[in-house]
Amino acid sequence: MESQYTTMLRIGEVCRRTGLSKSQIHRLASEMGFPKPIRLSKRAVAFVAADVEAWLQERITATREVA
Numbered sequence: 072m073e074s075q076y077t078t079m080l081r082i083g084e085v086c087r088r089t090g091l092s093k094s095q096i097h098r099l100a101s102e103m104g105f106p107k108p109i110r111l112s113k114r115a116v117a118f119v120a121a122d123v124e125a126w127l128q129e130r131i132t133a134t135r136e137v138a
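The sequence shown finishes on residue 138 if you use our numbering, and the numbering steps up by one all the way, no holes.
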């Protein structure tokens with residue numbers, strides 16, 4: 072049986088992948104459908120990599136449809 076692992080991204084990696092700042096990511100998560108972070112411990116949160124990638128692909132598709 073194949074095991075599946077969920078890759079988690081900390082905020083710095085999400086910033087690098089999206090080109091957005093920390094404050095922009097948090098604002099988008101609360102207002103505009105950016106994936107919300109998952110609490111890993113009392114002081115640590117991370118984003119599901121597949122969710123961030125799906126959001127990026129949606130943005131790419133939406134931008135290309137308009138152009």
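Every residue, glycine too, gets a C-beta built ideally from N, C-alpha and C.
Would Leu80 and Val123 qualify as a contact pair, given that the criterion is a beta-carbon distance under 8 Å? Yes, the Cβ-Cβ distance between Leu80 and Val123 is below 8 Å.
In the DSSP assignment, what residue or residues form a beta bridge with Leu80? Answer by DSSP bridge pairing, in chain order: Phe118.
Assign Ile96 to buried or exposed, taking buried as 16 or more other Cβ atoms, counted over all protein chains shown, within 10 Å of its Cβ. Burial is judged here by how many other beta carbons sit within 10 angstroms of a residue's own beta carbon; Ile96 has at least 16 and is buried.
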